[in-house]
Structures are given as C-alpha cells and as structure tokens.
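These notes concern the structure reproduced below.
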Amino acid sequence: MELEVRLFGSFRQYVSKPAGLEHIHLPAPATARDLLEALPIPPKYHSLVIVFRNGKRVSLSTEMEDGDRIGIMPPMGGG
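Numbering-wise (the numbering used here), the sequence shown opens with residue 159 and increments by one.
Written out as structure tokens, the structure reads:
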C-alpha cells in the first residue's frame with residue numbers, strides 16, 4: 159500500500175523533502191506502529207508521537223489503508 163506521510167516540527171529533519179512530505183510503501187496490513195518503524199524517526203519517540211489518519215487522531219494500533227494521508231507530530235511541551 160502507498161501512504162502519503164507528512165512529518166511536522168522537529169521530525170522534518172528525518173526526511174529528505176523540506177516540506178516533510180514523503181510517500182511510503184508498506185505491505186498490507188500495516189498499523190501506525192508499522193509505519194513508524196519504517197520511518198527514520200528514532201524509536202525513543204515512537205510511544206510519544208501524535209498520529210493523524212485522514213485528519214483524525216488515531217492510536218498506534220490503527221490499521222492503515224492504501225491512499226491514507228498520515229500526519230506525524232512530535233511531542234510538544236510548553237509552559
């Protein structure tokens with residue numbers, strides 16, 4: 159399956175395109191966790207990321223479908 163993946167914030171440094179947009183091919187079935195493992199994001203962040211599938215927040219166990227648009231955000235802090 160092919161997924162359109164956009165990385166936000168500091169995660170953009172892990173992809174080659176400045177806009178943080180990549181097209182990723184994964185064998186089906188695949189979950190958000192499988193996608194994270196296929197990306198060059200360090201594993202220490204995997205449990206902290208925020209994942210969106212077609213504009214809706216999802217868990218790492220959510221199965222992806224061909225053509226999904228995925229957004230991955232790093233953990234944020236503030237004060």
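We put the CB at the ideal spot given by N, CA and C, even for glycine.
- A residue is called buried when at least 16 other Cβ atoms come within 10 angstroms of its Cβ; Asp224 does not meet this threshold and is exposed.
- By the criterion of a C-beta distance shorter than 7 angstroms, Asp192 is surrounded in its chain by Leu184, once the five residues flanking it on both sides are discounted.
- If you look at Arg227, you'll find it in the beta strand (DSSP E) that goes Arg227 to Met231.
- DSSP places Glu162 inside the beta strand (DSSP E), whose first and last residues are Glu160 to Leu165.
- For Arg211, the enclosing beta strand (DSSP E) has its first and last residue at Ile208 to Arg211.
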